[in-house]
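The structure appears right after this line, and notes come after that.
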Amino acid sequence: MDSLPNRLARVADTDVTQAGMSGEETPHYHGHRDRLRARFTEVGGDALPDYELLELLLFRSIPRRDVKPLAKDLIKRFGTFAEVLAASPSRLLEVDGVSERVVTDLKIVEASARRLAKGEVAKRPVLSSWTSVLDYCRTAMAFMDKEQFRLLFLDKRNALIADEVQQSGTVDHTPVYPREVVKRALELSASALILVHNHPSGDPAPSSADIKMTKEIIDAAKPLGITVHDHIIVGREGHASLKGLRLI
1 MDSLPNRLAR VADTDVTQAG MSGEETPHYH GHRDRLRARF TEVGGDALPD YELLELLLFR
61 SIPRRDVKPL AKDLIKRFGT FAEVLAASPS RLLEVDGVSE RVVTDLKIVE ASARRLAKGE
121 VAKRPVLSSW TSVLDYCRTA MAFMDKEQFR LLFLDKRNAL IADEVQQSGT VDHTPVYPRE
181 VVKRALELSA SALILVHNHP SGDPAPSSAD IKMTKEIIDA AKPLGITVHD HIIVGREGHA
241 SLKGLRLI
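Under UniProt numbering, the residue at position 163 of the sequence shown is numbered 163, and the numbers go up by one with no gaps.
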């Protein structure tokens with residue numbers, strides 16, 4: 001069976017021939033695209049630096065331009081591949097060369113990554129797949145530029161019933177109302193909760209306000225038979241578990 005790299009090479013040769021016959025000069029980036037696609041096929045995405053993986057995405061959004069400079073500009077501005085995907089559309093559009101089409105394609109990949117991570121959580125009891133829970137929380141929230149408070153509702157088997165964003169706030173504060181949290185848990189017939197929120201500063205260390213709010217929710221939920229398993233805080237620098245830190 002003909003390999004993908006060989007097929008890509010033939011396509012490149014055909015395009016070069018056609019360009020020569022028409023008198024047009026083949027763009028210098030043409031062969032680079034084929035080589036990068038072939039390398040991705042051979043070694044996988046994990047072996048590529050962030051800017052090259054981003055280039056592969058930009059190939060689809062910008063078919064007739066050298067996108068390596070733009071990929072490097074985006075990584076330089078936002079930090080990592082994940083942070084580029086998580087950046088708000090308005091901030092992305094501030095970068096020269098980024099169009100609405102580019103933003104849409106990036107956001108499709110971001111949404112796909114979240115859906116994939118959430119699927120791993122939904123497959124089995126949450127407490128027996130804690131690594132998947134942490135991966136999902138980081139994928140969903142770690143690189144956001146505003147605070148967000150998310151609730152994972154669990155049934156008696158600790159399987160995920162629902163995953164909902166209860167509140168969104170500013171860069172350093174999200175209003176959380178314990179009564180609303182408990183009310184929603186009762187509406188869903190949830191037996192347990194996992195609280196999750198992000199720190200846009202990057203540092204996931206819990207604040208005194210985080211600890212106080214968590215204890216208020218625990219106190220409101222306990223008389224109704226609802227358990228709060230943990231409060232996870234995520235940021236670019238990692239995550240923190242209030243239960244793991246023995247703060248609850």
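Note that the Cβ used here is the ideal one computed from N, Cα and C, for glycine as well.
Note that this is a predicted model, so its numbers are computed, not measured.
Do you know how far the Cα of residue j is from the Cα of residue i?
i    : j    : result
R101 : L245 : 44 Å
S241 : D210 : 11 Å
K107 : L36  : 22 Å
D73  : D96  : 9 Å
P178 : S168 : 15 Å
A162 : G238 : 24 Å
P69  : I62  : 12 Å
L188 : S207 : 29 Å
R138 : V234 : 6 Å
L160 : L195 : 13 Å
F149 : R64  : 41 Å
H32  : V98  : 21 Å
P49  : K183 : 46 Å
A142 : D34  : 33 Å
L93  : D105 : 13 Å
A111 : K215 : 32 Å
T131 : A47  : 23 Å
A122 : A205 : 27 Å
K243 : R124 : 21 Å
S22  : H199 : Legend: pLDDT at S22 = 45, less than 50; position of this residue unreliable, value from coordinates given subsequently. In a straight line, the C-alpha of S22 is about 56 Å away from that of H199.
Using a Cβ-Cβ cutoff of less than 7 Å, which residues in the same chain neighbour residue i once the five nearest sequence positions on both sides are dropped?
i    : result
I218 : V228, I248
V67  : E55, L58, F59
L53  : G45, F81
Give every residue of the same chain whose Cβ lies closer than 8 Å to the Cβ of residue i, excluding the five residues on either side of it in the sequence, and list them in chain order.
i    : result
L193 : L151, L152, F153, L154, V181, A185, I217, A221, I226, T227, V228, H229
D135 : A117, E120
D76  : Note on residue identity: the sequence assigns Lys, not Asp, to residue 76. Excluding residues within five positions, none has a Cβ falling inside 8 Å.
V109 : L57, L85
Q166 : F149, R150, L151, V176, E180, V181, R184
A71  : Y51, E52, L54, E55, L58
V133 : V121, V126, L152, I194, I232
Using a Cβ-Cβ cut-off of 6 Å (strictly less than) and excluding sequence neighbours within five positions of residue i, which residues of its own chain qualify?
i    : result
R115 : none
A140 : R114
P89  : V103
M213 : V176
E164 : L151
By DSSP, does residue i sit in helix, in strand, or in coil?
i    : result
S150 : Looking at the sequence itself, residue 150 is Arg, so the reference to Ser does not match. Note: R150 maps to strand in three-state DSSP.
L193 : strand
I108 : helix
V126 : helix
T227 : strand
A86  : helix
V95  : coil
L48  : coil
V133 : helix
D163 : strand
D62  : Asp is not the amino acid found at residue 62; the sequence shown has Ile there. Here I62 sits in coil by DSSP.
A117 : helix
S201 : coil
V234 : strand
A38  : helix
E241 : In the sequence as presented, Glu is not what sits at residue 241; that position holds Ser. Looking at S241 - three-state DSSP - the assignment turns out to be strand.
S208 : helix
Relative to the alpha-carbon of residue i, which residue among the options has its alpha-carbon at the smallest distance?
i    : options                : result
R157 : S128, E94, V109, G44   : S128
Y51  : L195, F78, G235        : F78
I232 : R33, D163, H197, S201  : H197
P223 : S191, G202, G238, P204 : S191
S201 : K146, L188, L160       : K146
Y203 : V126, Q166, R236       : The identity of residue 203 in the sequence shown is Asp, whereas the question assumes Tyr. Measuring from the Cα of D203, the nearest candidate turns out to be R236.
R91  : K243, M144, T131       : M144
Three CB pairs or more closer than 8 Å across the segment 83-101 and the segment 28-42: no
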